[in-house]
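Count along the sequence shown from 1, add 73, and you get the number used in our numbering. Report on the following structure.
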Amino acid sequence: MAVKKATIQQQVAQAIAQVNPADRPLVTIQAVAGPSVWLMSMLGLIGQAFLTYYFITVTEQAVVIHKASRMSNRPQEIAFAIPAHEAVGIISGVDRNTIWSSFRLQLPGQPKPTRMNVHRLWRAEMDELLGRMTGQPIA
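Structure, rendered in C-alpha coordinates:
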(Lines of atoms letter the chains of each structure in order from A and count residues from 1; the text may use other names and numbers.)
(Lines give C-alpha, C1' and ligand atoms only; values in the text may rest on other atoms or scores of the structure.)
Protein backbone atom coordinates (compact mmCIF):
# COMPACT_ATOMS: atom_id res chain seq x y z
CA MET A 1 0.00 0.00 0.00
CA ALA A 2 1.44 3.35 -1.05
CA VAL A 3 1.52 5.72 1.88
CA LYS A 4 4.31 8.18 1.13
CA LYS A 5 3.38 11.14 -1.06
CA ALA A 6 6.47 10.67 -3.21
CA THR A 7 5.55 7.03 -3.89
CA ILE A 8 1.96 7.95 -4.73
CA GLN A 9 3.09 10.78 -7.03
CA GLN A 10 5.50 8.41 -8.79
CA GLN A 11 2.76 5.79 -9.32
CA VAL A 12 0.40 8.43 -10.74
CA ALA A 13 3.18 9.73 -13.04
CA GLN A 14 3.77 6.17 -14.29
CA ALA A 15 0.04 5.68 -14.93
CA ILE A 16 -0.08 8.93 -16.92
CA ALA A 17 3.05 7.96 -18.89
CA GLN A 18 1.41 4.67 -19.89
CA VAL A 19 -1.54 6.53 -21.40
CA ASN A 20 0.32 9.54 -22.83
CA PRO A 21 4.14 9.30 -22.77
CA ALA A 22 4.44 12.88 -24.09
CA ASP A 23 2.66 14.38 -21.07
CA ARG A 24 4.34 15.27 -17.76
CA PRO A 25 2.64 15.72 -14.36
CA LEU A 26 3.12 19.11 -12.71
CA VAL A 27 1.27 18.53 -9.41
CA THR A 28 -0.79 15.66 -7.96
CA ILE A 29 -3.10 15.49 -4.96
CA GLN A 30 -5.23 12.83 -3.35
CA ALA A 31 -8.85 13.85 -2.80
CA VAL A 32 -11.97 12.24 -1.41
CA ALA A 33 -15.16 13.09 -3.29
CA GLY A 34 -18.40 13.25 -1.38
CA PRO A 35 -19.96 14.87 1.66
CA SER A 36 -18.00 15.82 4.76
CA VAL A 37 -15.34 13.24 5.55
CA TRP A 38 -16.03 13.77 9.25
CA LEU A 39 -19.73 12.96 8.88
CA MET A 40 -19.10 9.91 6.68
CA SER A 41 -16.52 8.58 9.17
CA MET A 42 -19.11 8.76 11.95
CA LEU A 43 -21.44 6.62 9.84
CA GLY A 44 -18.81 3.87 9.55
CA LEU A 45 -18.97 1.49 6.59
CA ILE A 46 -22.26 2.95 5.41
CA GLY A 47 -20.67 6.40 5.26
CA GLN A 48 -17.65 5.08 3.39
CA ALA A 49 -19.95 3.89 0.60
CA PHE A 50 -20.71 7.54 -0.19
CA LEU A 51 -17.04 8.46 -0.71
CA THR A 52 -14.92 8.05 -3.83
CA TYR A 53 -11.14 8.37 -3.73
CA TYR A 54 -9.30 10.16 -6.53
CA PHE A 55 -5.88 11.37 -7.58
CA ILE A 56 -6.14 14.73 -9.34
CA THR A 57 -3.15 15.71 -11.49
CA VAL A 58 -2.45 18.86 -13.43
CA THR A 59 -0.20 17.92 -16.34
CA GLU A 60 1.31 20.00 -19.12
CA GLN A 61 -1.67 19.13 -21.34
CA ALA A 62 -4.67 18.41 -19.12
CA VAL A 63 -6.21 17.79 -15.72
CA VAL A 64 -6.26 14.01 -15.22
CA ILE A 65 -8.43 12.42 -12.55
CA HIS A 66 -7.70 8.80 -11.64
CA LYS A 67 -9.86 6.69 -9.38
CA ALA A 68 -7.82 5.46 -6.43
CA SER A 69 -7.94 1.92 -5.11
CA ARG A 70 -9.23 1.83 -1.55
CA MET A 71 -7.16 -1.26 -0.76
CA SER A 72 -3.76 -0.45 -2.29
CA ASN A 73 -4.04 3.35 -2.64
CA ARG A 74 -2.78 3.05 -6.22
CA PRO A 75 -4.17 4.83 -9.26
CA GLN A 76 -6.73 2.81 -11.20
CA GLU A 77 -8.52 3.84 -14.38
CA ILE A 78 -8.74 7.43 -15.56
CA ALA A 79 -12.17 8.71 -14.56
CA PHE A 80 -11.85 12.09 -16.30
CA ALA A 81 -9.31 13.83 -18.52
CA ILE A 82 -10.04 17.51 -19.03
CA PRO A 83 -7.96 19.40 -21.63
CA ALA A 84 -6.10 22.36 -20.11
CA HIS A 85 -8.08 24.95 -22.07
CA GLU A 86 -11.36 23.49 -20.74
CA ALA A 87 -10.16 23.34 -17.11
CA VAL A 88 -10.40 27.09 -16.59
CA GLY A 89 -13.30 27.93 -14.30
CA ILE A 90 -14.14 24.41 -13.08
CA ILE A 91 -13.00 25.17 -9.49
CA SER A 92 -15.25 26.92 -6.97
CA GLY A 93 -15.95 27.07 -3.24
CA VAL A 94 -12.44 26.66 -1.85
CA ASP A 95 -12.65 26.11 1.93
CA ARG A 96 -9.36 25.75 3.80
CA ASN A 97 -9.62 24.12 7.22
CA THR A 98 -7.19 22.77 9.80
CA ILE A 99 -7.38 19.10 8.85
CA TRP A 100 -9.73 18.63 5.87
CA SER A 101 -9.96 21.36 3.25
CA SER A 102 -12.38 21.20 0.35
CA PHE A 103 -13.20 22.69 -3.02
CA ARG A 104 -15.85 22.10 -5.64
CA LEU A 105 -14.83 20.65 -9.00
CA GLN A 106 -17.18 20.68 -11.99
CA LEU A 107 -16.69 17.25 -13.55
CA PRO A 108 -17.73 16.59 -17.15
CA GLY A 109 -21.26 15.26 -17.45
CA GLN A 110 -22.18 16.12 -13.87
CA PRO A 111 -25.08 18.53 -13.24
CA LYS A 112 -23.41 20.26 -10.28
CA PRO A 113 -19.86 20.57 -8.90
CA THR A 114 -18.47 17.69 -6.83
CA ARG A 115 -17.05 18.40 -3.39
CA MET A 116 -13.43 17.28 -3.17
CA ASN A 117 -12.00 16.88 0.35
CA VAL A 118 -8.22 17.14 0.75
CA HIS A 119 -6.29 16.15 3.87
CA ARG A 120 -3.76 18.61 5.30
CA LEU A 121 -0.90 16.31 4.25
CA TRP A 122 -1.70 17.41 0.68
CA ARG A 123 -2.34 21.11 1.43
CA ALA A 124 0.79 22.51 -0.25
CA GLU A 125 0.08 20.47 -3.36
CA MET A 126 -3.61 21.46 -3.23
CA ASP A 127 -2.65 25.13 -3.13
CA GLU A 128 -0.34 24.66 -6.12
CA LEU A 129 -2.98 22.68 -8.03
CA LEU A 130 -5.69 25.26 -7.36
CA GLY A 131 -3.32 28.07 -8.32
CA ARG A 132 -2.50 26.37 -11.61
CA MET A 133 -6.16 25.68 -12.37
CA THR A 134 -7.48 29.13 -11.42
CA GLY A 135 -4.48 31.21 -12.45
CA GLN A 136 -4.43 32.75 -8.97
CA PRO A 137 -2.26 31.87 -5.97
CA ILE A 138 -4.29 30.35 -3.13
CA ALA A 139 -3.14 31.19 0.39
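Even glycine gets a Cβ: it sits at the ideal position worked out from N, Cα and C.
If you draw a straight line from the Cα of residue 150 to the Cα of residue 171, it is about 31 Å long. Here the region 93 to 103 makes contact with the region 120 to 133; the two share three or more CB pairs at distances below 8 Å. For the pair residue 206 and residue 102, the CB atoms are not nearer than the 8 Å cut-off. Taking every protein chain shown into account, the CB of residue 161 has fewer than 16 other CB atoms within 10 angstroms, so this residue is exposed. Within the same chain, 155 and 160 come within 6 Å of residue 136 by CB-CB distance, once the 5 residues on both sides are set aside. For residue 196, the enclosing alpha helix (DSSP H) covers residues 196 to 207. The DSSP-derived three-state label of residue 143 is coil.
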